[in-house]
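Protein sequences, first through last, are from chains A and B. One gets our numbering by counting positions in the first sequence from 1 and adding 1 to each. One gets our numbering by counting positions in the second sequence from 1 and adding 871 to each. Just so it is clear, CB atoms sit at the ideal spot from N, CA and C, and this is done for glycine as well.
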Amino acid sequence: ELSQDQQALLSYILEAYNKHRIPPDMAKKLLQEQFSTEENFLLLTEMATSHVQVLVEFTKNIPGFQSLDHEDQIALLKGSAVEAMFLRSAQAFTRKMPHGHTEMLEERIRKSGMSEKFIVPMFNFYKSIGGLQMMQEEHALLTAITILSPDRPYIKDQKAVELLQEAMLEVLSKFCKLKHPQEPQHFARLLGRLTELRTLHHHHAEMLESWRMS
Amino acid sequence: PASNLGLEDIIRKALMGTVEE
């Protein structure tokens, strides 16, 4: 069972995760009329910016985060922003949306100038997240775990980050056992998504590089 | 516009709590 402290940590993280979302006005824009490739690209860029701001607000609320070295806080966010965004978009994609919306979003992404090479693994990731049928608590904790990865570049006090991440992992592990007693592999499957996220992150960096070149 | 800022700038600003600007 979760200890009282762990239960409090979980509730706190969940609340922060639910509170900090992309503003609905921004999300609605994605479902409005068709845009050109360039406008699509700009819209997705604007979305990404908003996404990062939301992510920072959530991260500030992760207990212990603000006590980390300030430059380490930036390094953690810089190193994880892309992965946390993929995770959040995967959740948006797998949520039940009104008829036709999923297709419209897919279309917009496909028409934003990204190559198929990057789009296919991204949609595969969305599907793999969908298959896990994650609970909101699991999304919140997995996002926090992604952000608190001590092995990101330029982290000075890795030990301090590791301690925070371990506390989250412990809560997630217990939560999975409590909520999925029939699936002993559930926790391991969730952690497996972190490896997939690293791969997507790598693809994303390659994509940015190819954009810069052109 | 914010879309012209780099990732690190956006993070630094948001960490300082100037998102609402």
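**Message:** Is it buried or exposed, residue 158 of chain A, if we count other Cβ atoms within 10 angstroms and call 16 or more buried?
**Reply:** Position 157 of the first sequence, counted from the start, is the residue given in the question as residue 158 of chain A. That one is exposed.
**Prompt:** Going by the CB atoms, is the gap between residue 149 of chain A and residue 166 of chain A shorter than 9 Å?
**Reply:** Position 165 of the first sequence, counted from the first residue, corresponds to residue 166 of chain A. Position 148 of the first sequence, counted from the first residue, corresponds to residue 149 of chain A. Yes, Cβ-Cβ distance for residue 166 of chain A and residue 149 of chain A is below 9 Å.
**Request:** Could you give the DSSP three-state label for residue 115 of chain A: helix, strand or coil?
**Result:** As a first step, residue 115 of chain A is located in the first sequence; it is residue number 114 there, counting from the start. Correct three-state label for residue 115 of chain A: coil.
**Prompt:** Going by beta carbon distance, what residues of the same chain come within less than 6 Å of residue 205 of chain A, once the five residues before and after it are set aside?
**Reply:** Looking up residue 205 of chain A in the first sequence gives position 204. Within the same chain, 83 come within 6 Å of residue 205 of chain A by CB-CB distance, once the 5 residues on both sides are set aside.
**Request:** Determine the closest residue to residue 78 of chain A out of A:61, A:90, A:40 and A:113, with distance taken between C-alpha atoms.
**Result:** As a working note, residue 78 of chain A is residue 77 in the first sequence. Residue A:61 is the option with its Cα nearest to residue 78 of chain A.
**Item:** First and last residue of the uninterrupted alpha helix (DSSP H) at residue 158 of chain A
**Value:** As a working note, residue 158 of chain A is residue 157 in the first sequence. For residue 158 of chain A, no alpha helix (DSSP H) run applies, since DSSP gives it neither H nor E.
**Prompt:** What's the call for residue 86 of chain A, buried or exposed, on a 16-neighbour Cβ count within 10 Å?
**Reply:** One-based indexing of the first sequence puts residue 86 of chain A at position 85. Classification of residue 86 of chain A: buried, given that the 10 Å Cβ count is 16 or more.
**Residues near residue 38 of chain A by beta carbon distance below 8 Å, same chain, minus five either side** = Translated into positions along the first sequence, residue 38 of chain A becomes position 37. Exclusion of the five residues before and after residue 38 of chain A leaves 112, 113 and 114 as the residues of its chain whose Cβ lies within less than 8 Å of its Cβ.
**Asked** Quick one: what does DSSP say residue 186 of chain A is sitting in, helix, strand or coil?
**Response** Mapped onto the first sequence, residue 186 of chain A falls at position 185. In this structure, residue 186 of chain A counts as coil in the three-state DSSP scheme.
**Asked** Can the beta-carbon of residue 119 of chain A be found less than 9 Å from the beta-carbon of residue 106 of chain A?
**Response** Here residue 119 of chain A refers to the residue found at position 118 when the first sequence is read from its first residue. Here residue 106 of chain A refers to the residue found at position 105 when the first sequence is read from its first residue. No, Cβ-Cβ distance for residue 119 of chain A and residue 106 of chain A is not below 9 Å.
**Asked** Three or more beta-carbon pairs under 8 Å between the segment 16-33 of chain A and the segment 43-55 of chain A, yes or no?
**Response** Touching, per the Cβ criterion.
**Asked** Between the beta-carbon of residue 7 of chain A and the beta-carbon of residue 175 of chain A, is there less than 9 Å?
**Response** Position 6 of the first sequence, counting from 1, holds the residue named residue 7 of chain A. Position 174 of the first sequence, counting from 1, holds the residue named residue 175 of chain A. In contact: residue 7 of chain A and residue 175 of chain A (Cβ atoms closer than 9 Å).
**Message:** Strictly under 9 Å for the Cβ-Cβ distance: is residue 156 of chain A near chain B by that measure?
**Reply:** For the purposes of this step, residue 156 of chain A is identified with residue 155 of the first sequence, where counting begins at 1. At a cut-off of 9 Å between beta-carbon atoms, residue 156 of chain A makes no contact with chain B.
**Prompt:** Roughly how many angstroms separate the alpha carbons of residue 102 of chain A and residue 883 of chain B, rounded to a whole number?
**Reply:** Residue mapping note: residue 102 of chain A aligns to position 101 of the first sequence, counting from 1. Residue mapping note: residue 883 of chain B aligns to position 12 of the second sequence, counting from 1. Approximately 34 Å between the Cα atoms of the pair.
**Message:** Judging by CA-CA distance, which residue of A:53, A:17, A:66 and A:18 is the nearest neighbour of residue 216 of chain A?
**Reply:** Residue 216 of chain A falls outside the range modelled here, since chain A spans only 2 to 215, and no answer is possible.
**Request:** Please list the partners that residue 57 of chain A has in chain B, where partner means a Cβ-to-Cβ separation under 7 Å.
**Result:** To locate residue 57 of chain A, count along the first sequence from 1; it is residue 56. Within chain B, the residues placing a beta-carbon under 7 Å from that of residue 57 of chain A are 882, 885 and 886, ordered along the chain.
**Counted within 10 angstroms of its Cβ, other Cβ atoms place residue 74 of chain A as buried (16 or more) or exposed** = By 1-based counting over the first sequence, the position of residue 74 of chain A is 73. Classified as buried, residue 74 of chain A has 16 or more neighbouring CB atoms from the shown chains inside 10 Å of its CB.
**Asked** Among residues of its own chain, excluding the 5 on either side of residue 55 of chain A, which ones have a beta-carbon nearer than 7 Å to its beta-carbon?
**Response** As a working note, residue 55 of chain A is residue 54 in the first sequence. So the list reads 21, 22 and 23, once near-sequence residues are dropped.
**Asked** For residue 197 of chain A, which option in A:211, A:126, A:135 and A:69 has the closest C-alpha, if you only look at C-alpha atoms?
**Response** Position 196 of the first sequence holds residue 197 of chain A. It is A:126 whose Cα lies nearest to the Cα of residue 197 of chain A.
**Request:** Using a Cβ cut-off of 8 Å, pull out every chain B residue sitting near residue 231 of chain A, in sequence order please.
**Result:** No answer is possible for residue 231 of chain A: it lies beyond the span of chain A, which begins at 2 and ends at 215.
**Prompt:** List, in order along the chain, the chain B residues whose C-beta lies closer than 8 Å to that of residue 79 of chain A?
**Reply:** Taking the first sequence and counting its residues from 1, one reaches residue 79 of chain A at position 78. Within chain B, the residues near residue 79 of chain A are 878, 879 and 882.
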